[in-house]
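Plus 45 on top of the position in the sequence shown (first one is 1) and you've got this note's numbering.
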Amino acid sequence: MSEDNKKQALAEKDLGNQAYKKKEFEQALAHYSKAFELDGTNISFLTNKAAVYYEQGKYNECIKECEKAIEINQTVRADYQLVARAYQRIGNAYVKLEDLDNAIKYYEKSLTNHRTPDTLGKLRETEKLKKQREKEAYRDPKKADEARELGNTYFKQRDWPKAISAYSEAILRNEDDPRPYSNRSACYLKMMAIPEAKKDALKCIELDPTFGRGYIRKAAVEFSMREYQQSIDTLMEAKQHDKDGKLAREIEQQLRKSAAAMYVPAAGAEGEKSEEEIREAALKNPEIQRILSDPVMQQILQQMQSDPRAAQEHLKNPQVANNIRKLMNAGILRVG
46 MSEDNKKQAL AEKDLGNQAY KKKEFEQALA HYSKAFELDG TNISFLTNKA AVYYEQGKYN
106 ECIKECEKAI EINQTVRADY QLVARAYQRI GNAYVKLEDL DNAIKYYEKS LTNHRTPDTL
166 GKLRETEKLK KQREKEAYRD PKKADEAREL GNTYFKQRDW PKAISAYSEA ILRNEDDPRP
226 YSNRSACYLK MMAIPEAKKD ALKCIELDPT FGRGYIRKAA VEFSMREYQQ SIDTLMEAKQ
286 HDKDGKLARE IEQQLRKSAA AMYVPAAGAE GEKSEEEIRE AALKNPEIQR ILSDPVMQQI
346 LQQMQSDPRA AQEHLKNPQV ANNIRKLMNA GILRVG
């Protein structure tokens with residue numbers, strides 16, 4: 046290969062680049078082809094042709110030119126960056142052809158030859174897209190309901206691991222339904238997997254803030270963590286969202302359970318505590334102390350004491366109602 050031919054080839058490449066920038070793609074192809082005829086050892090002429098084909102939407106031709114460049118490289122041992130570029134362009138073409146598996150394959154080969162942020166970014170995007178497509182293809186609300194019903198059967202049989210597996214399948218089939226998250230949370234709690242139970246309960250509420258069952262699951266987790274006041278607060282939220290009253294009985298049972306656990310210990314060697322001892326224990330609670338030291342609440346409590354009917358008006362204020370409820374649960378205040 047004479048030096049003169051190489052110079053002429055590079056001159057043709059420059060002309061091709063100028064045509065490419067002007068989007069005169071056919072002229073660019075002609076110049077790159079001429080350059081390769083003059084110097085068949087420079088694979089950049091082929092990768093440039095591939096770039097033109099890519100812009101023209103001729104993705105298979107793009108791939109063929111890059112594969113030809115990679116094959117020639119086995120003999121000429123070109124710059125590894127050029128080889129990486131050829132692999133990356135193959136990956137780009139496969140993305141356009143919706144062949145994500147091959148796109149990932151060739152992006153990985155490109156990174157093996159030369160690691161660049163651009164190629165790494167393309168690989169990550171393609172992997173994410175593939176995962177999203179697979180999730181969309183797997184989505185089937187009908188099969189999700191079937192899996193959830195199977196989970197319910199296992200739940201009744203107290204087979205928590207199988208129930209969890211079935212509910213997980215339901216979630217994979219329809220991740221927008223809060224019900225399998227709720228049911229799986231209950232299973233996790235049965236197995237004392239507290240973090241997992243809490244995560245699923247919170248997911249229920251995130252998916253549907255009006256889903257009362259999600260708040261009940263969250264309250265159950267908080268109870269298991271001995272966060273009794275938080276459990277009570279969460280149950281009151283559940284009560285607000287239970288418009289038809291279907292969950293009323295369950296909510297009230299858990300409310301009594303949380304209140305009892307908060308201030309009335311189970312009978313032991315010393316027996317149950319007296320009402321006065323319960324009151325003293327409640328007064329040591331920082332939250333109770335805060336409420337009782339609030340001047341506004343002090344005035345409200347005085348009004349309620351002199352005029353019981355005033356309680357009904359004050360209870361219309363959500364913040365006041367919340368404070369009064371806490372005092373009632375603590376045994377500090379009795380209304381009625």
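Even for Gly, the Cβ is constructed at its ideal location relative to N, Cα and C.
These figures come from a predicted structure and were not determined experimentally.
Per DSSP, reduced to three states, the secondary structure at A96 is helical.
Per the Cβ contact rule, the region 123 to 143 is in contact with the region 163 to 170 (3 or more Cβ pairs under 8 Å). For D190, the enclosing alpha helix (DSSP H) has its first and last residue at 186 to 201. Q72 carries a helical assignment under DSSP once its states are collapsed to helix, strand and coil. Leaving aside the five residues that flank A80 on each side, the residues in its chain whose CB is nearer than 6 Å to its CB run, in chain order, A54, E57, K58, F90. Remark: fewer than three beta-carbon pairs, one from each stretch, lie closer than 8 Å, so the region 221 to 234 and the region 330 to 338 are not flagged as touching. Here the C-alpha atom of K103 lies approximately 17 Å from the C-alpha atom of A114. Taking the Cα of T120 as reference, the smallest distance to any Cα among E143, Y199, D278, I88 is reached at I88.
The three-state secondary structure of K371, taken from DSSP, is helix. Judged by DSSP in its simplified three-state form, K167 adopts helix. Classified as buried, N228 has 16 or more neighbouring CB atoms from the shown chains inside 10 Å of its CB. Counting other Cβ atoms within 10 Å of its Cβ, A215 reaches 16 or more and is therefore classed as buried.
In terms of CA proximity to I369, M342 leads the group M342, Q348, D352. Contiguous alpha helix (DSSP H) elements confined to the region 195 to 272 occur at 205 to 218, 223 to 235, 239 to 252, 257 to 269, taking only those with 4 or more residues. With fewer than 16 other beta carbons inside 10 angstroms of its own, M270 counts as exposed. Each of D339, K248, R193, Q101 was checked against the Cα of K141, and the nearest Cα belongs to Q101. With contacts defined as CB atoms closer than 7 Å, C111 and Y99 fail to qualify as a contacting pair. Contact between G85 and A73 fails: their C-beta atoms lie close to 19 Å from each other, not under 8 Å. No residue range can be given for T86, since it is assigned to no alpha helix (DSSP H) and is classified by DSSP as neither H nor E. For R130, the enclosing alpha helix (DSSP H) stretches over residues 125 to 141. Counting the other CB atoms within 10 Å of its CB gives T255 a total below 16, which places it among the exposed residues. In the DSSP annotation of this structure, the continuous segment of the alpha helix (DSSP H) that includes G61 starts and ends at 48 to 66. In the DSSP assignment, K113 falls within the alpha helix (DSSP H) that extends over 104 to 121. Separation of C249 and R224 (C-alpha to C-alpha, rounded to the nearest whole angstrom) is 7 Å. Taking C-beta separations shorter than 6 Å and ignoring five residues to either side along the sequence, the partners of I261 in its chain run A283, following chain order. Here G259 is near A246, since their CB atoms are less than 7 Å apart.
Burial state of Q299 is buried, judged by a 10 Å Cβ sphere holding 16 or more other Cβ atoms. Straight-line spacing of the CA atoms in Y226 and N197 works out to 12 Å.
Contact check between the region 143 to 154 and the region 167 to 175: three or more CB pairs, one atom from each, fall below 8 Å, which counts as touching.
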